[in-house]
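Going by the numbering used here, the sequence shown wraps up at 1720, each residue one higher than the last.
All C-beta atoms in this analysis are idealised placements derived from N, C-alpha and C, irrespective of residue type, glycine included.
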Amino acid sequence: MGILDKPTTFGSVAEQKLFYLTQKHMASPEGGIYTNYLVSSDETKGHTVISESVGLLLKYAVASRNQALFEQQLKLLQHRFVEDDFIVWIYPRTGHNIVNSSVDDLHIIEAMLVGAQLFNNEQAYDLGIRLAKGLLATNSDGKWLFDYADKKRRQAAPTVQIRYANLPALRKLADEILEYVPIYEQMKKLLEQAEQTNGLYALAYLPNEGTYVQDPVLQTTAVSANMSEQLITALYAEKAGISTIHMRKRLAESLQKTGRLFAAVDKQSGDMKADIESPAVYALAAMLFIESDQRSLANQCLRRLEELQVSSQSYHDAPSDIRKKAVQSDDSATYVWFGCTVLLLVISYIKNRILGLILSLGVIFTFGTLHLVFFLCLRKTPASLY
């Protein structure tokens, strides 16, 4: 069992239970978060700690004003991930290549700068600025921040993912480092232009070619069929003051007609496919509605998340497909699956506490933390979610 420095107080009982469950089952001895729950199984791959979870724990430490946890994650970052001015995305290494992830680095650096001010930690500020400049050196051409870079090969990705447009973090860095100003401006402009005629957001941009990535089958701008990825992009847009009216209208119409939101969309029409529901979609939709001050729609999403929870009282009466996605905690009578973790994500978002986010990104993202939700509840992630 790893040790995570707990906050002085918890915002809710749910947060407290989730924290201790994380500490008991998912924390490494150094305070990292493993990428799977089962140490050895044919159903899981690897047992590593990655930079995304470090960044999210740093953000949680700031949100919960937990200085001890903040300093613990800084130590882990420096000892296991930082090489010169470069943040390697995974520990232990899975190969000879030293690769980073710009979206994860932005989370880490942003949290370090905010935490440095909150905890009066000059070392965190200096390291954050140094890593931010290092990210420019490896992942940027002066105008764009590319998705990842291979340090040894001195080669950056050709793409800029639209769903990685973390404008709040880039805005903060632009205030600190002049070289980030054009990057922020380019990313904001890109996000403003990314919405397609069907209301979906483009998948990625190719700066060297001056065009979006194309769908080889449809012969149009490529879009993600994953509704959660569409909502991540919309959430960044809403936070930056970019209109998301078309996305929110589509969500509201679906909720009004069916009371449901769905995990996949048709790439041509942009309509949701009425088959599989995803707790991640409800969580992100609730966040979007909260950000746009549409509380009644947010509450409707939250109520559906509550319906998707599995508790000890109802577990044995639940359908077999639900039971297969649940696991019982050794020290409690609660059965938790990804619906519960994403519900906690939204609770945390509302209360400015993000531990739920740390544990549910496996459902939401297909890059970075990947199957982080394995720690808590899943033995096998449904392929339909991806």
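Closest by C-alpha distance to Leu1642, out of Ala1617, Ser1558 and Gly1345, is Ala1617. Counted as a single uninterrupted DSSP element, the alpha helix (DSSP H) harbouring Tyr1616 occupies residues Pro1613 to Glu1625.
Put simply, the backbone Cα of Phe1453 is about 14 Å away from that of Glu1444. Measuring C-alpha to C-alpha distances from Arg1594 to each of Ser1626, Phe1404 and Val1615 identifies Val1615 as the nearest. Closest option to Leu1470, judged by alpha-carbon separation, among Glu1456, Ser1435 and Gln1451: Ser1435. With a 10 Å radius around the Cβ and a threshold of 16 neighbouring Cβ atoms, Val1383 comes out buried. With fewer than 16 other beta carbons inside 10 angstroms of its own, Ala1608 counts as exposed. Assignment of Asn1560 by DSSP, reduced to helix, strand and coil, places it in the strand class.
Only residues of its own chain outside the window of five on either side were considered, and among them Ile1496, Arg1497, Ala1499, Leu1525, Ala1528 and Tyr1535 have a CB closer than 8 Å to the CB of Thr1567, listed in chain order. In chain order, Ala1458 and Tyr1459 place their CB closer than 6 Å to the CB of Ala1450, counting only its own chain and leaving out the 5 sequence neighbours on each side. Rounded to whole angstroms, Ala1619 and Ile1463 show a C-alpha spacing of 33 Å.
A distance below 6 Å between beta-carbons, with the five flanking residues on each side excluded, links Glu1513 to the following residues of its chain, in chain order: Leu1470. For the pair of segments examined, the stretch 1629-1639 was found to touch the stretch 1588-1604: the number of CB pairs separated by less than 8 Å reaches three.
It is roughly 16 Å from the alpha-carbon of Ala1598 to the alpha-carbon of Ala1586. Between Val1448 and Val1396, the gap from beta carbon to beta carbon is short of 8 Å. Going by C-alpha positions, Ile1517 is about 24 Å away from Ser1558.
As a beta-bridge residue in DSSP terms, Glu1417 pairs with Phe1420. Gly1468 is positioned such that its CB atom lies no closer than 8 Å to that of Asn1532. Taking all protein chains in view, the Cβ of Asn1473 is crowded by 16 or more other Cβ atoms within 10 Å, so the residue is classified as buried.
CA-to-CA, the gap between Arg1488 and Asp1418 works out to about 14 Å.
Under the three-state reduction of DSSP, Val1494 is assigned to strand.
In the structure shown, the three-state DSSP call for Gln1628 is coil.
Residue environment for Asn1542: exposed (fewer than 16 other C-beta atoms within 10 angstroms of its C-beta).
Residue environment analysis places Asp1439 among the buried positions, since at least 16 neighbouring C-beta atoms fall within 10 angstroms of its C-beta. For Leu1540, the enclosing beta strand (DSSP E) has its first and last residue at Ala1538 to Leu1540.
The C-alpha of Val1433 is placed about 14 Å away from the C-alpha of Pro1492. Secondary structure of Thr1428 (DSSP, three-state): coil.
Taken through DSSP and simplified to helix, strand or coil, Gln1553 comes out as coil. In this structure, the beta-carbon distance from Ser1577 to Ser1612 does not fall below 8 Å.
In this structure Leu1403 is in contact with Leu1391, their Cβ atoms being roughly 7 Å apart against a cut-off of 8 Å. Going by C-alpha positions, Leu1355 is about 14 Å away from Phe1344.
Taking all protein chains in view, the Cβ of Glu1456 is surrounded by fewer than 16 other Cβ atoms within 10 Å, so the residue is classified as exposed. If you draw a straight line from the Cα of Ile1442 to the Cα of Leu1504, it is about 12 Å long.
Under the DSSP assignment, Thr1382 falls outside any alpha helix (DSSP H); it carries neither an H nor an E label. By the Cβ neighbour-count rule, Gly1366 is buried, with 16 or more other Cβ atoms within 10 Å of its own. By a beta-carbon distance limit of 8 Å, Ala1574 contacts Lys1522. Their separation comes to about 6 Å.
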